[in-house]
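Reviewing the structure listed below.
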Amino acid sequence: MVISRAGPASDPPPLQSIVRSALFERLAAAGRVTVVSAPAGSGKTMLLRSWIDEARLTDRAGWVSVRRGESDPQRFWIAVLDALRHTRAGSDVVGSLSPAPTLDGGAIVERLLEDLESLEEPLWLVIDDLHELHDDEETLRRLGVLVLRAPPTLRFAFATRRDLRLGLHGLRLEGELTELRAADLRFTVAEARALFDGAGVALSEPALTQLHHRAEGWAAGLRLAALSLVRHPDPEGFATAFGGSERTVAEYLLHEVLERQPEDVRQLLLRTSILDRVNGPLADLLTGRWGGEQILQELEQAGAFVVSLDDARTWFRYHHLFSDLLQLELRRTAPDELDALHGDAAAWFAEHGDPAAAVRHAQQAGDWDLAAEVLAANVLSFYVDGRGGTVRELLSRFPRNALDADPRLLALRAAREVSRGSLPAAERYLTRAARRLEAVPEETDATSAALLATIRLRLARQRVDLPAASAAARQLLAPGAGAELPSRRSDDEIRAVALLNLGIAESWTARSEDAERHLEHGLALARRMRRPYLEIGCLAALALTLMASSFERARRASLEAIELARTHGWPEETVVGTAYVALGGILVWQGRLDEAEPWLAQARRALYAELEPAEGVLLRRAQGMLELARGRDEEATFALRSATRLDELLSAAGAGTRPRALAAHAHALMLQAKVRLGELAAVEAALAELAPELREGPEMRKAVAALRLAQDDPQAASAALAPVVDGSVASGHPTWLVEALVLDAIAREALADTAGADAAIERALDLGEPDGVVWPFLVHRAGALLERHRRHRTTHAALISEIRTVLAGDRPAPASDADPPSEPLSESELRVLRYLPTNLTAPEIAGELYVAVSTVTTHIQHIYGKLGVNRRAGAVERARGLGLLAPSALRRR
322 MVISRAGPAS DPPPLQSIVR SALFERLAAA GRVTVVSAPA GSGKTMLLRS WIDEARLTDR
382 AGWVSVRRGE SDPQRFWIAV LDALRHTRAG SDVVGSLSPA PTLDGGAIVE RLLEDLESLE
442 EPLWLVIDDL HELHDDEETL RRLGVLVLRA PPTLRFAFAT RRDLRLGLHG LRLEGELTEL
502 RAADLRFTVA EARALFDGAG VALSEPALTQ LHHRAEGWAA GLRLAALSLV RHPDPEGFAT
562 AFGGSERTVA EYLLHEVLER QPEDVRQLLL RTSILDRVNG PLADLLTGRW GGEQILQELE
622 QAGAFVVSLD DARTWFRYHH LFSDLLQLEL RRTAPDELDA LHGDAAAWFA EHGDPAAAVR
682 HAQQAGDWDL AAEVLAANVL SFYVDGRGGT VRELLSRFPR NALDADPRLL ALRAAREVSR
742 GSLPAAERYL TRAARRLEAV PEETDATSAA LLATIRLRLA RQRVDLPAAS AAARQLLAPG
802 AGAELPSRRS DDEIRAVALL NLGIAESWTA RSEDAERHLE HGLALARRMR RPYLEIGCLA
862 ALALTLMASS FERARRASLE AIELARTHGW PEETVVGTAY VALGGILVWQ GRLDEAEPWL
922 AQARRALYAE LEPAEGVLLR RAQGMLELAR GRDEEATFAL RSATRLDELL SAAGAGTRPR
982 ALAAHAHALM LQAKVRLGEL AAVEAALAEL APELREGPEM RKAVAALRLA QDDPQAASAA
1042 LAPVVDGSVA SGHPTWLVEA LVLDAIAREA LADTAGADAA IERALDLGEP DGVVWPFLVH
1102 RAGALLERHR RHRTTHAALI SEIRTVLAGD RPAPASDADP PSEPLSESEL RVLRYLPTNL
1162 TAPEIAGELY VAVSTVTTHI QHIYGKLGVN RRAGAVERAR GLGLLAPSAL RRR
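Going by our numbering, the sequence shown opens with residue 322, and the numbers climb by one from there.
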């Protein structure tokens, strides 16, 4: 290929990289950070690339080129991690990262800093065109954090057109900041001579000096001039005429360079200038010719304002200034072809798996129907891949008339309003979309129908309209529902999302078995599709569901979701928030308050309670329970009052039994907190104002009992609790009955009914032991009862010891991140395990449990095998590390 030609065809030598010795020496001696700041075309990129090659740092330098107008922080940070990970040194320490909706750059930086702690070899991070982030102050701030906290083995080089606020003043004072400016990058006459000699251009010394003077050493001008001078009929005249301001030079070179290219090169540059990135096949499509990849590679090798974007040199972009000029010339010379070019590009990107680019080009072509079709067909994938911001950006590019006319776009506007929490607006858009599609049923394809059903499902879940959520999910899961979808992948995505939301709906309606089954199915689909974001959502929802049957299984699901979120850089995404709530709630029930607190704090950061009221009630209730256990009654009242306010949303939405029961529990706990604050009259009045069905429910009966005990009326307290204790009023969650029994024991003790008190305590321990429930005994200060009960015959000596330890003020040690047992312990083995920290022998444990000694011995051997130990002390320590046992009573504050 000939880059610039006049006369017989022959291949001129490519423009070679120039060894700029003085600058290379400065770069070699630079501090930890090098900033190359100069206007466009100053040779920043070429300088850094040439120095990396010359210094043989190619395998130790990660290169990131910021896209023009970059507005997606997740794309930038993932590019940084990928660039470092693909270096020799970085491949051993930097982990991979997947995209997520509204990716938190702070978490990514912390993750990267943690990975880099073990970096021993020198590693360079080069960020080119950093100025494209000038409007994203948050990303720049986090980049500054990365620079200041990174280990000294990581060096930085930034190329930018303008100075940016990165907070590097301290490095400048310490001599660790090297800055190269436009004056530093200007070519010397000797360097210009080397540049022209490398291109095979012979100029007299006066002509070269004049050209250099007119170009003022501007690298782009000199390179364009060298390309134009190859076989130019009058090089001396060209050099003499060269000059003017940067804009004048650019316009002049457009004519002198572009018009001198062979027709195939010129057409390729012009027609592909509409693209942010181009490869050979796409260039061939837009030009109607073959050989585009070779032309692009030769232009890139020649330094003709073409930059490769990948190591294989298959994707390219044009220098931004050059691209602007090419587009200007295309609009001037072929304005009627622009729509067709954008349309062809849209179709190509849609076919080759880049729907975002396809939508953008369809929009630029004015093909709003194609843009809407591609966006609607891929919107679920965008959200599942964590690219909700991309959907919002693409939707904002449609004109108002297109948004109002297309039912698919109306549906997407409904989805946007759901994510904002504007549920009435979402309902309006969704209704309008459905009416439009009903008016033209022949135009309602499977994708549109699935889109509407998916948004209805999300809206119903947001409103806690559980019957509607279940109906929408069943529509999506019906046999053959996805038969007409574009691909099996689309069907699987829709089914996985439907199963997740259906499982959540069923969980909140106390249909735990159905919820568990559907969430497990959704989890399997998410894993098969390798969609970790969906996988986390299913695990987190599963954790909440499993709390109704097994704290240990719920804990495992929570930890798996949390670890997966950490691995992919999503520790503060909403999707993992419910896992934090579940784990924190379990730990509160188990009396592990110090452990629970940071998980609940993490949940507050991840969840938006006003958008997810059911989860919000659970979070606020758990926080209130924690404060009650610590005796911080005012703080408990505040948290529980927030839960009751969310209850109003649930009530207005006609929520199902489980979230309403949770809200009732929170309301009752708030009244108990007020009783402890001495506000007895206010509690009495609040109870009187309740509807009879709520006042007679199990939760409010416990609040009444607490009030009567505070009023020294244990008989009335016991009477209030009687229907809950005898089962005539269902108590909801089994762990909630433990609290009623503890209150009943306290009332009976005050009535001198020792036998009744002991029976109530024993039953409470029976119910609480499988899950290690401690909280009710802490809140109601049942220590004296437990002490007396311990001296009598009981099968719960170990649990009593744990409760008394916490009541005495000992802090449980956090569970370790150790690997789980090779096989879960059975309920019988767990009962034996709880006696191992005591001094009881096997025969004594058998006596406590009313089983044969051989049974206890067999269980102990099984426990040793599953925990991977061979001694009793080792089993106790391992079980404590796994959270199966409370900490040792010897551990003090």
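Every residue gets a Cβ at the ideal spot worked out from N, C-alpha and C, and that includes glycine.
- With distances taken between CA atoms, Arg634 lies nearest to Leu620 out of Leu647, Leu620, Ser644 and Thr460.
- Met991 and Ala1002 have their C-alpha atoms spaced approximately 14 Å apart.
- With a 10 Å radius around the Cβ and a threshold of 16 neighbouring Cβ atoms, Leu516 comes out buried.
- In this structure, the beta-carbon distance from Leu485 to Ser363 does not fall below 8 Å.
- Nearest Cα to Pro1019 within the set Trp1096, Ser1049, Gly426 and Leu772: Ser1049.
- Counting only runs of at least 3 residues, the segment 532–558 fully encloses no beta strand (DSSP E) element at all.
- By the criterion of a C-beta distance shorter than 7 Å, Gly427 is surrounded in its chain by Arg463, once the five residues flanking it on both sides are discounted.
- One alpha carbon belongs to Leu880, the other to Thr1179, and they sit about 30 Å apart.
- Using a Cβ distance threshold of 8 Å, Ala1031 and Ala1041 do not count as a contacting pair.
- Taking one beta carbon from each stretch, the segment 722–740 and the segment 791–799 have fewer than 3 pairs nearer than 8 Å; the two do not touch.
- A check of alpha carbon separations from Ala924 across Arg941, Gln911 and Asp915 identifies Arg941 as the nearest.
- With respect to Leu543, Val447 sits apart: the two C-beta atoms are not nearer than 8 Å.
- For the 8 Å CB-CB criterion, Ala987 and Thr958 do not form a contact.
- Trp636 carries a strand assignment under DSSP once its states are collapsed to helix, strand and coil.
- Going by beta carbons, Ala1081 and Asp1092 fall outside the 8 Å limit.
- With contacts defined by Cβ atoms closer than 8 Å, His839 and Leu855 do not form a contacting pair.
- Contact annotation: Glu873 and Thr899 have beta-carbon atoms that are not nearer than 8 Å.
- Annotated three-state conformation of Asn600 is strand, per DSSP.
- Assigned with DSSP and collapsed to three states, Ser702 falls in helix.
- Taking a contact as a CB-CB distance under 8 Å, the pair Leu1086 and Leu1120 counts as one, their CB atoms being some 6 Å apart.
- Assignment of Gly937 by DSSP, reduced to helix, strand and coil, places it in the helix class.
- Remark: C-beta atoms of Phe559 and His533 do not approach each other more closely than 8 Å.
- Under the three-state reduction of DSSP, Val1094 is assigned to coil, being neither helix nor strand.
- Leaving aside the five residues that flank Asp380 on each side, the residues in its chain whose CB is nearer than 7 Å to its CB run, in chain order, Thr408 and Arg409.
- Taking Leu418 as the centre and dropping the five residues before and after it, the same chain places the C-beta of Ile399, Leu402 and Gly890 closer than 6 Å to its C-beta, in chain order.
- Between Val938 and Gly843, the alpha-carbon positions lie close to 25 Å from each other.
- Per DSSP, reduced to three states, the secondary structure at Glu614 is helical.
- Straight-line spacing of the CA atoms in Leu461 and Ala767 works out to 43 Å.
- Scanning its chain for C-beta atoms nearer than 8 Å, with the 5 sequence neighbours on each side dropped, one finds around Leu773 the residues Ala732, Leu751, Ala754, Ala755 and Leu758, in chain order.
- One Cα belongs to Ala404, the other to Ala668, and the distance between them is close to 30 Å.
- Taking a cut-off of 8 Å for Cβ pairs, the segment 654–666 and the segment 594–603 touch, as three or more such pairs fall below it.
- Relative to Ala693, the option among Arg708, Leu715 and Tyr704 whose CA is nearest is Leu715.
- Following the DSSP letters along the chain, one finds Phe670 in no beta strand (DSSP E) but inside the alpha helix (DSSP H) bounded by residues Leu659 to Glu672.
- Look at Glu435 here: in three-state DSSP terms it is helix.
- Looking at the backbone, the Cα of Tyr1156 and that of Ala1118 are separated by about 7 Å.
- With respect to Ala943, Thr895 sits apart: the two C-beta atoms are not nearer than 8 Å.
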